[in-house]
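Protein chains: 2
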Amino acid sequence: MRDEKKQRRQEAILLEALKLFTERGYFNTSVSDIQSGANLSVGTLYNYFKNKEAIAVTLFSNIENCLYENLCEIERKYDNVYDRCRAIVLHLFDTTERNSDSMQYLFYTKHREVVPVEKSVFVSLPFLKMREMVLNGQKSGDIRKMEPHVAMVTLFGGPVRMIYLRIDGVLEKPLPAYFEECWDSAWRGVRA
Amino acid sequence: MRDEKKQRRQEAILLEALKLFTERGYFNTSVSDIQSGANLSVGTLYNYFKNKEAIAVTLFSNIENCLYENLCEIERKYDNVYDRCRAIVLHLFDTTERNSDSMQYLFYTKHREVVPVEKSVFVSLPFLKMREMVLNGQKSGDIRKMEPHVAMVTLFGGPVRMIYLRIDGVLEKPLPAYFEECWDSAWRGVRA
DNA sequence: GTCTATATGACGATAGAC
DNA sequence: GTCTATCGTCATATAGAC
């Protein structure tokens with residue numbers, strides 16, 4: 191069969207799974223829910239993925255890699271920690287508005303509950319990249335001398351919390367409306 | 191039967207459930223796991239709780255109420271936003287060390303996945319109390335004029351993120367070791 | 001590759017004896 | 001109140017025809 195069609199079907203499965211996982215959660219979604227939503231049969235689905243868990247893992251890894259690519263691009267585009275981290279937060283806010291499901295899945299999924307033995311989100315590629323940027327910012331003197339983990343949470347903890355608020359429907363306005371004030375406040379916490 | 195014994199059994203169920211829910215998650219824990227861990231039979235367990243969901247709800251509500259009490263006590267003890275919020279973060283850090291399971295359950299559980307229709311954590315009693323304190327702090331002029339939600343996440347987003355790091359085993363040292371620096375950084379973000 | 005039909009097993013919850 | 005035994009349901013995954 192044409193590879194093109196195969197890919198379309200794979201993506202249909204992943205898309206439907208993403209929708210259902212964020213809507214009702216991994217454990218409240220059955221394989222048959224995904225299968226019918228993606229317009230194919232159970233047998234076919236199991237031809238594309240070994241099992242339900244594999245769908246979740248592929249999904250998570252895709253989103254994670256995509257974010258990592260974006261972070262690398264931001265790193266190339268800007269040359270200092272302020273501009274870089276500012277762009278990251280803006281990117282996260284925008285993505286949450288444009289592609290809410292992805293962000294919700296990335297941030298809200300207790301991935302270790304789905305995949306028995308799984309590393310913490312905090313040692314994932316995107317996280318490490320952000321950490322690297324912050325460490326460089328400390329070396330250059332733009333960010334105060336402080337415990338690196340504390341610097342990380344001070345800079346990104348607020349914005350990330352803001353994303354949770356938005357996903358939970360607490361904020362009336364879209365995230366970008368709060369961006370300038372939120373970023374400014376976060377930066378005040380770490381600037382030299 | 192003596193009320194005392196009834197209460198002991200009820201607590202045994204809740205304690206075992208808390209342990210298992212945090213260890214492997216709600217959906218990976220069966221009623222029979224809880225029952226055997228709490229040293230009683232299935233039938234007896236169902237005499238104490240209507241169903242599995244009720245256990246999770248009671249647990250969540252207990253922890254939430256307990257935290258709310260503590261926040262109220264802190265509010266009575268201090269008379270300004272700086273001292274109050276400082277005490278809150280310290281309390282959260284201490285509790286995470288002393289009673290990791292409770293905090294993990296409170297912070298990490300996707301409660302809406304367990305209980306179909308459930309309000310967001312962000313409109314829970316403890317959250318609203320914290321919000322009230324921050325709003326008063328803005329009125330008194332200790333905290334800068336800014337969107338209240340942004341003030342909330344700037345002040346507590348970092349510390350809460352720190353708790354996640356600790357629960358996930360990323361931090362080598364216990365949380366109190368990071369407290370002063372973490373609180374100082376958070377406050378810098380909102381102070382007038 | 002894709003489908004339908006089904007095996008297998010687990011789990012939540014109840015019945016009914018004591 | 002407490003137990004053991006069991007029922008009904010449903011979800012994952014596979015078998016086997018096309």
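As given, the protein sequences belong to chains A and B, one line each in that order. Numbering follows the working numbering, in which position 60 of the first sequence is assigned residue number 250; successive positions increment by one, without gaps. Numbering follows the working numbering, in which position 74 of the second sequence is assigned residue number 264; successive positions increment by one, without gaps. Built from N, CA and C at the ideal position, the CB exists for glycine as well.
In the three-state scheme derived from DSSP, where H, G and I count as helix and E and B as strand, residue 381 of chain B is classed as strand. Counted as a single uninterrupted DSSP element, the alpha helix (DSSP H) harbouring residue 284 of chain B occupies residues 271-288.
Residue 375 of chain B and residue 344 of chain A have their C-alpha atoms spaced approximately 7 Å apart. Contact note: residue 209 of chain B does not reach chain A at a C-beta cutoff of 9 Å; the least C-beta distance is about 15 Å. The beta carbon of residue 376 of chain B sits closer than 8 Å to some beta carbon of chain A. Take residue 378 of chain B, set aside five residues on each side of it, and no residue of its chain has a beta-carbon closer than 7 Å to its own. Per DSSP, residue 323 of chain A is one residue of the alpha helix (DSSP H) stretching across 315-329.
Between residue 343 of chain A and chain B, the shortest Cβ-Cβ separation is below 8 Å.
Among the residues facing chain A, residue 222 of chain B is not included, as its CB has no counterpart in that chain under 8 Å away. Of the residues B:215, B:283, B:338, the one whose Cα lies closest to the Cα of residue 325 of chain B is B:338. In this structure, the beta-carbon distance from residue 382 of chain B to residue 321 of chain B does not fall below 8 Å. In the same chain as residue 315 of chain A, and ignoring 5 residues on each side of it, the C-beta atoms closer than 8 Å to its own belong to 254, 255, 258, in chain order.
A:239 is the residue among A:217, A:239, A:267 whose C-alpha sits nearest the C-alpha of residue 204 of chain A.
Interface with chain A (8 Å Cβ-Cβ cutoff): residue 320 of chain B is excluded.
Residue 337 of chain B has a beta carbon lying within less than 8 Å of a beta carbon in chain A. Taking every protein chain shown into account, the CB of residue 294 of chain B has 16 or more other CB atoms within 10 angstroms, so this residue is buried. The count of Cβ pairs closer than 8 Å, one atom from the stretch 305-315 of chain A and one from the stretch 352-363 of chain A, stays below three, leaving the stretches out of contact. Proximity of chain B to residue 297 of chain A at the Cβ level (cut-off 7 Å) is not reached, the minimal Cβ distance being about 11 Å. Listed along chain B, the residues sitting closer than 7 Å to residue 358 of chain A by beta-carbon distance are 310, 312.
Scanning its chain for C-beta atoms nearer than 8 Å, with the 5 sequence neighbours on each side dropped, one finds around residue 262 of chain A the residues 319, in chain order.
Listed as beta-bridge partners of residue 353 of chain A by DSSP are no residues whatsoever. Non-local C-beta neighbours of residue 219 of chain A in its own chain, meaning closer than 7 Å and more than five positions away in sequence, comprise 210, 211, ordered along the chain.
A Cβ-Cβ distance of about 15 Å is found for the pair residue 235 of chain A and residue 208 of chain A, leaving them out of contact under the 8 Å criterion. Check the Cα spacing between residue 349 of chain A and each of A:307, A:305, A:281, A:304: the tightest is with A:281. Rounded to the nearest angstrom, the gap between the Cα atoms of residue 200 of chain A and residue 296 of chain B is 36 Å. In the DSSP assignment, residue 261 of chain A falls within the alpha helix (DSSP H) that extends over 242-267. Per the coordinates, the alpha-carbon of residue 278 of chain B lies some 15 Å from the alpha-carbon of residue 351 of chain B.
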